[in-house]
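What follows is a single structure, written as structure tokens, with notes after it.
Protein chains: 2
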Amino acid sequence: MGLPVPPRRVTIIDVARHAQVSTTAVSKVLRNAYGASPEMRAKVRRSIDELGYRPHAGARGLRGQTYTIGVMLPDIRNPFFPEILDGITASLEDTEYQVFLGPGCNGEQAEARVTEAMIDRGMDGIILVAPVSSRAHLERVAASVPTVVVGRQGASPAYDTVADEDYEGAALVVGHLARLGHRRIAHIEHHETDPTRLAEMPNARRADGYRQAMRAHGLAEWIDVVSATYTQEGGYQGAKELLARPRRSTAVFAGADIVAMGVLEAFTEAGLSVPGDISVAGYDNTTFAALGQISLTSVDQAGHEMGGNAVRLLLERITDRRRPSVQVTLSPTLVPRRTTGRPGE
Amino acid sequence: MGLPVPPRRVTIIDVARHAQVSTTAVSKVLRNAYGASPEMRAKVRRSIDELGYRPHAGARGLRGQTYTIGVMLPDIRNPFFPEILDGITASLEDTEYQVFLGPGCNGEQAEARVTEAMIDRGMDGIILVAPVSSRAHLERVAASVPTVVVGRQGASPAYDTVADEDYEGAALVVGHLARLGHRRIAHIEHHETDPTRLAEMPNARRADGYRQAMRAHGLAEWIDVVSATYTQEGGYQGAKELLARPRRSTAVFAGADIVAMGVLEAFTEAGLSVPGDISVAGYDNTTFAALGQISLTSVDQAGHEMGGNAVRLLLERITDRRRPSVQVTLSPTLVPRRTTGRPGE
DNA sequence: TTGAAAGCGCTAACAG
DNA sequence: CTGTTAGCGCTTTCAA
Numbered sequence: 001m002g003l004p005v006p007p008r009r010v011t012i013i014d015v016a017r018h019a020q021v022s023t024t025a026v027s028k029v030l031r032n033a034y035g036a037s038p039e040m041r042a043k044v045r046r047s048i049d050e051l052g053y054r055p056h057a058g059a060r061g062l063r064g065q066t067y068t069i070g071v072m073l074p075d076i077r078n079p080f081f082p083e084i085l086d087g088i089t090a091s092l093e094d095t096e097y098q099v100f101l102g103p104g105c106n107g108e109q110a111e112a113r114v115t116e117a118m119i120d121r122g123m124d125g126i127i128l129v130a131p132v133s134s135r136a137h138l139e140r141v142a143a144s145v146p147t148v149v150v151g152r153q154g155a156s157p158a159y160d161t162v163a164d165e166d167y168e169g170a171a172l173v174v175g176h177l178a179r180l181g182h183r184r185i186a187h188i189e190h191h192e193t194d195p196t197r198l199a200e201m202p203n204a205r206r207a208d209g210y211r212q213a214m215r216a217h218g219l220a221e222w223i224d225v226v227s228a229t230y231t232q233e234g235g236y237q238g239a240k241e242l243l244a245r246p247r248r249s250t251a252v253f254a255g256a257d258i259v260a261m262g263v264l265e266a267f268t269e270a271g272l273s274v275p276g277d278i279s280v281a282g283y284d285n286t287t288f289a290a291l292g293q294i295s296l297t298s299v300d301q302a303g304h305e306m307g308g309n310a311v312r313l314l315l316e317r318i319t320d321r322r323r324p325s326v327q328v329t330l331s332p333t334l335v336p337r338r339t340t341g342r343p344g345e
Numbered sequence: 001m002g003l004p005v006p007p008r009r010v011t012i013i014d015v016a017r018h019a020q021v022s023t024t025a026v027s028k029v030l031r032n033a034y035g036a037s038p039e040m041r042a043k044v045r046r047s048i049d050e051l052g053y054r055p056h057a058g059a060r061g062l063r064g065q066t067y068t069i070g071v072m073l074p075d076i077r078n079p080f081f082p083e084i085l086d087g088i089t090a091s092l093e094d095t096e097y098q099v100f101l102g103p104g105c106n107g108e109q110a111e112a113r114v115t116e117a118m119i120d121r122g123m124d125g126i127i128l129v130a131p132v133s134s135r136a137h138l139e140r141v142a143a144s145v146p147t148v149v150v151g152r153q154g155a156s157p158a159y160d161t162v163a164d165e166d167y168e169g170a171a172l173v174v175g176h177l178a179r180l181g182h183r184r185i186a187h188i189e190h191h192e193t194d195p196t197r198l199a200e201m202p203n204a205r206r207a208d209g210y211r212q213a214m215r216a217h218g219l220a221e222w223i224d225v226v227s228a229t230y231t232q233e234g235g236y237q238g239a240k241e242l243l244a245r246p247r248r249s250t251a252v253f254a255g256a257d258i259v260a261m262g263v264l265e266a267f268t269e270a271g272l273s274v275p276g277d278i279s280v281a282g283y284d285n286t287t288f289a290a291l292g293q294i295s296l297t298s299v300d301q302a303g304h305e306m307g308g309n310a311v312r313l314l315l316e317r318i319t320d321r322r323r324p325s326v327q328v329t330l331s332p333t334l335v336p337r338r339t340t341g342r343p344g345e
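Protein chains in written order, with the working numbering: chain Y, 1 to 345; chain D, 1 to 345.
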């Protein structure tokens with residue numbers, strides 16, 4: 001059963017016939033374009049409603065726009081990204097644009113596939129969140145469609161960027177811990193080898209920010225960085241490594257909340273109390289950092305604002321593709337919770 | 001600068017010219033369609049590679065398919081959904097189809113907007129995960145595009161379904177707790193009023209499954225259901241309510257992991273130890289249930305398999321739109337962790 | 001202000 | 001097996 005014959009879609013021709021005008025007129029009304037009298041607009045609008053007409057985006061795209069914005073998120077599991085997405089959808093809610101997300105990407109190859117798929121579908125603009133692709137690829141993408149890169153530093157004339165100042169975020173954590181009386185503050189970073197990305201990716205900047213802040217607080221001699229990956233397992237292993245040190249740290253700054261989760265697990269396993277024996281801080285202020293059971297001190301990146309700014313820049317660029325590129329940098333804030341306290345309490 | 005003039009896209013005509021064949025020939029090669037000699041195929045493929053040609057999905061969609069599958073997830077924050085998504089993308093990886101996600105939807109209106117947007121973009125098929133829309137709307141959608149509904153019971157001739165047997169999941173939890181020696185097992189449900197959805201939505205079925213299982217274990221007199229919402233706050237409030245009861249339960253079955261998180265928070269606040277004083281179980285086996293710090297007993301829905309099945313059914317239906325609808329039901333499994341133990345220990 | 005007509009890139013139907 | 005032709009639904013000249 002199930003209506004084997006899907007009823008033919010209502011097209012612009014049906015609307016034109018119903019309203020007794022030309023398709024051109026209907027098109028003008030759809031796009032709020034110049035050259036249609038108020039009476040005609042009203043008449044056309046009525047027909048559109050009566051017939052339940054909705055324009056076919058693919059067909060529109062062949063000549064004009066598809067009114068579609070693509071968003072690429074690296075990992076849908078990371079609870080930080082929904083914040084950005086909320087900011088994006090909220091800003092786009094009252095426009096005609098529709099957002100679609102690429103599926104979780106990990107690695108340059110997956111990113112290439114998704115970005116190409118977006119371009120092939122005629123999307124009017126794309127927002128890339130924390131992409132790992134080479135700058136060359138990003139610029140190639142930006143050459144064929146308006147693009148905004150979010151959560152990654154590195155200005156380019158080809159695309160706009162919106163990012164959090166990770167140096168500052170790292171400094172907030174180190175400052176907070178130092179103020180509590182910690183000196184031996186260790187850091188677990190996500191290892192980065194690619195030379196281009198080294199300066200642009202948040203993980204690298206957090207590690208640098210940590211080093212810089214330690215020096216600024218006169219704690220240079222206690223700088224201790226463990227290389228791992230931004231995963232729970234990475235945090236677990238990194239914490240193990242720290243525990244094996246002859247002089248144990250009194251605080252650990254994990255480069256991401258998910259890393260902090262692994263750290264907490266390792267400490268619990270080792271019978272250490274947090275923050276009694278050792279303090280732990282994360283980064284991203286993810287949903288589970290806020291869970292009462294965990295209550296992790298973290299850094300909030302204002303994801304919502306990031307998303308909102310990204311949309312603003314993107315719409316501007318869709319309007320004027322040759323305007324000079326813009327870089328927006330937002331300041332993170334510290335969210336102290338129960339995993340950090342005075343040392344040796 | 002940023003290349004103010006985006007280079008014209010390579011079209012099928014360019015490829016045809018380069019390979020010295022007709023556009024029809026190129027089209028056939030693209031679609032692996034019948035009627036092209038191996039030599040011609042090779043020649044065309046070479047030209048495609050040399051020119052870096054990629055077909056324009058919108059244009060294809062005007063006559064044939066767009067090779068695009070839309071997936072609607074209700075809430076990107078719920079860590080259960082990525083599992084389904086992984087199953088979907090994994091099954092689609094080696095096909096020409098590309099997945100795009102609708103942005104997080106809450107409520108019927110948002111769902112309507114997203115499903116319509118997908119149809120307007122000529123998507124070849126759509127997968128709706130735990131939609132809250134009325135059955136009528138779902139059938140309207142399914143009438144214009146092949147559709148699979150995931151995570152919601154309720155067979156329809158218009159679409160296929162893939163769901164977990166929530167009765168069974170609830171029974172697993174009750175059985176587990178009963179076997180540990182619990183009798184006073186309470187349940188926190190997500191309140192459902194809509195009569196149509198009542199029988200189809202997972203939350204309602206979990207509550208029913210709980211009641212049924214309690215009876216089956218001879219614990220009918222201890223049935224105790226608190227109505228809340230599937231949120232952390234809902235769990236917190238629900239737990240408060242349970243604590244105010246004259247006879248306290250020794251175990252709580254929360255309808256979802258996120259609810260269990262709120263429950264745990266309330267119990268911690270009340271100075272109760274888990275599972276010493278009271279056991280807690282959730283549902284969905286989300287990422288944070290597995291976190292060492294939380295270690296929540298939960299029910300695993302085999303999201304990956306759900307996604308894989310959804311894709312299989314969808315591709316089948318894209319091939320043959322009039323084949324009778326299919327319902328796939330998967331069995332959940334219990335994942336016992338540290339939040340459940342013997343009562344009164 | 002209005003509409004006729006061309007064409008976006010591709011596929012399907014058909015003829016050779 | 002191969003190519004010609006006619007659209008798909010819309011926007012965009014451009015002439016009236």
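Quick reminder that beta carbons are idealized off the backbone N, C-alpha and C, glycines included. Here the structure is a predicted model, which is why all the values come from computation and not from measurement.
ask   = Taking Cβ positions only, does residue 312 of chain D come closer than 8 Å to chain Y?
value = To locate residue 312 of chain D, count along the second sequence from 1; it is residue 312. So no, residue 312 of chain D is outside the interface.
Euclidean distance between Cα positions of residue 87 of chain D and residue 308 of chain D = As a working note, residue 87 of chain D is residue 87 in the second sequence. As a working note, residue 308 of chain D is residue 308 in the second sequence. Taking the straight line joining both Cα atoms gives about 5 Å.
query = Between the stretch 95 to 110 of chain Y and chain D, which residues of the former have CB atoms less than 8 Å from a CB of the latter, in chain order?
reply = 98, 99, 100, 101, 102, 103 and 104
ask   = At what residue ranges does the stretch 145 to 198 of chain D contain a whole run of the beta strand (DSSP E), taking only runs of 3 or more?
value = 147 to 150, 160 to 164 and 185 to 190
key: Alpha-carbon spacing of residue 41 of chain Y relative to residue 47 of chain Y, whole angstroms   = Here residue 41 of chain Y is taken as the residue at index 41 of the first sequence, counted from 1. Here residue 47 of chain Y is taken as the residue at index 47 of the first sequence, counted from 1. The straight-line gap from Cα to Cα measures roughly 10 Å.
query = Cβ of residue 120 of chain D less than 8 Å from any chain Y Cβ?
reply = Translated into the one-based positions of the second sequence, residue 120 of chain D becomes position 120. Closer than 8 Å to some Cβ of chain Y, the Cβ of residue 120 of chain D qualifies, so yes.
key: Completely contained beta strand (DSSP E) runs for the stretch 42 to 81 of chain D, where each covers 3 or more residues   = 68 to 72
Coil, strand or helix - residue 231 of chain Y by DSSP = Position 231 of the first sequence, counted from the first residue, corresponds to residue 231 of chain Y. Residue state, collapsed to three classes: coil.
ask   = Alpha carbon to alpha carbon, what distance is there between residue 206 of chain D and residue 50 of chain D?
value = As a first step, residue 50 of chain D must be located in the second sequence, where it is residue number 50. As a first step, residue 206 of chain D must be located in the second sequence, where it is residue number 206. Their backbone Cα atoms lie some 57 Å apart in a straight line.
message = Given this structure, state the Cα-to-Cα distance separating residue 68 of chain Y from residue 304 of chain D, to the nearest angstrom.
response = Residue 68 of chain Y sits at position 68 when you count from the first residue of the first sequence. Residue 304 of chain D sits at position 304 when you count from the first residue of the second sequence. About 29 Å.
inquiry  = Tell me which residues share the same chain as residue 2 of chain D and place their Cβ nearer than 6 Å to its Cβ, disregarding the 5 neighbours each side in the sequence.
reply    = Locating residue 2 of chain D in the second sequence gives position 2, where the first residue counts as 1. Residue placement at residue 2 of chain D cannot be trusted, given a pLDDT of 40 that sits under 50; the coordinates are not used to answer.
key: Residue-chain proximity (residue 237 of chain D, chain Y), Cβ-Cβ < 8 Å   = Residue numbering aside, residue 237 of chain D sits at position 237 when the second sequence is read from its first letter. Answer no: the Cβ-Cβ gap between residue 237 of chain D and chain Y never drops below 8 Å.
Sequence-distant residues of its chain with Cβ nearer than 7 Å to residue 311 of chain D (five each side left out) = Taking the second sequence and counting its residues from 1, the one referred to as residue 311 of chain D is at position 311. Here the set comprises 88, 91 and 92.
task = Show which residues of chain D have a CB atom less than 9 Å away from the CB atom of residue 292 of chain Y.
result = Here residue 292 of chain Y corresponds to residue number 292 of the first sequence, with the count starting at 1. Correct list: 232, 236, 261, 262, 264, 265, 266, 268 and 269.
task = Would you please verify whether the beta carbon of residue 127 of chain D is less than 8 Å from any beta carbon of chain Y?
result = Locating residue 127 of chain D in the second sequence gives position 127, counting from the first residue. No, residue 127 of chain D does not count as interfacial toward chain Y.
task = Taking only runs that begin and end inside the stretch 294 to 321 of chain Y, name each unbroken beta strand (DSSP E) of 3 or more residues, in chain order.
result = 298 to 300
request  = Determine whether the Cβ of residue 82 of chain Y lies closer than 8 Å to any Cβ atom of chain D.
outcome  = Here the question's residue 82 of chain Y lines up with position 82 in the first sequence. Closer than 8 Å to some Cβ of chain D, the Cβ of residue 82 of chain Y qualifies, so yes.
key: Nearest to residue 103 of chain Y (by Cα), restricted to the options Y/32, Y/109 and Y/75   = Numbered from its first residue, the first sequence carries residue 103 of chain Y at position 103. Considering only alpha carbons, the answer is Y/75.
inquiry  = Strictly under 8 Å for the Cβ-Cβ distance: is residue 48 of chain Y near chain D by that measure?
reply    = Position 48 of the first sequence, counted from the start, is the residue given in the question as residue 48 of chain Y. False, the Cβ-Cβ gap to chain D never drops below 8 Å.
message = With a threshold of 8 Å between beta carbons, is residue 85 of chain Y in contact with chain D?
response = Position 85 of the first sequence holds residue 85 of chain Y. Judged by the 8 Å Cβ criterion, residue 85 of chain Y is in contact with chain D.
ask   = Under 8 Å between the Cβ atoms of residue 300 of chain Y and residue 332 of chain Y?
value = Your numbering for residue 300 of chain Y matches position 300 in the first sequence. Your numbering for residue 332 of chain Y matches position 332 in the first sequence. Yes, these two residues count as a Cβ contact at 8 Å.
ask   = Under 8 Å, do residue 210 of chain D and residue 187 of chain D count as touching if we go by C-beta distance?
value = Along the second sequence, read from residue 1 onward, the residue named residue 210 of chain D stands at position 210. Along the second sequence, read from residue 1 onward, the residue named residue 187 of chain D stands at position 187. Closer than 8 Å, so yes.
query = Cα-Cα, which of D/19, D/212, D/119 and D/73 is closest to residue 101 of chain Y?
reply = Looking up residue 101 of chain Y in the first sequence gives position 101. It is D/73.
inquiry  = Does chain Y have any CB closer than 8 Å to the CB of residue 196 of chain D?
reply    = The count along the second sequence starts at 1 and reaches residue 196 of chain D at position 196. Answer no: the Cβ-Cβ gap between residue 196 of chain D and chain Y never drops below 8 Å.
message = Please classify residue 98 of chain Y as buried or exposed, where buried requires at least 16 other C-beta atoms within 10 Å of its C-beta.
response = Position 98 of the first sequence, counted from the start, is the residue given in the question as residue 98 of chain Y. Residue 98 of chain Y is buried by the Cβ-count criterion.
query = In its own chain, which residues sit with a C-beta less than 7 Å from the C-beta of residue 105 of chain Y, not counting the 5 before and 5 after it?
reply = For the purposes of this step, residue 105 of chain Y is identified with residue 105 of the first sequence, where counting begins at 1. Answer for residue 105 of chain Y: 72, 74, 111 and 114, listed in chain order.
message = Just verifying my parser: in three-state terms, what is the DSSP assignment at residue 27 of chain D?
response = As a position in the second sequence, residue 27 of chain D is number 27, starting the count at 1. Of the three classes helix, strand and coil, the one that applies to residue 27 of chain D here is helix, per DSSP.
ask   = Roughly how many angstroms separate the alpha carbons of residue 200 of chain Y and residue 164 of chain Y, rounded to a whole number?
value = As a first step, residue 200 of chain Y must be located in the first sequence, where it is residue number 200. As a first step, residue 164 of chain Y must be located in the first sequence, where it is residue number 164. The straight-line gap from Cα to Cα measures roughly 11 Å.
query = Which residues of chain Y have a Cβ atom closer than 8 Å to the Cβ of residue 55 of chain D, listed in chain order?
reply = As a first step, residue 55 of chain D is located in the second sequence; it is residue number 55 there, counting from the start. Here the neighbours are 120.
ask   = Using the rule of at least 16 other Cβ atoms within 10 Å of the residue's Cβ for burial, across every protein chain shown, is residue 329 of chain Y buried or exposed?
value = Taking the first sequence and counting its residues from 1, one reaches residue 329 of chain Y at position 329. When all chains shown are included, residue 329 of chain Y counts as exposed.
inquiry  = Between the stretch 58 to 66 of chain D and the stretch 50 to 64 of chain Y, can you find at least three pairs of beta-carbon atoms closer than 8 Å?
reply    = yes
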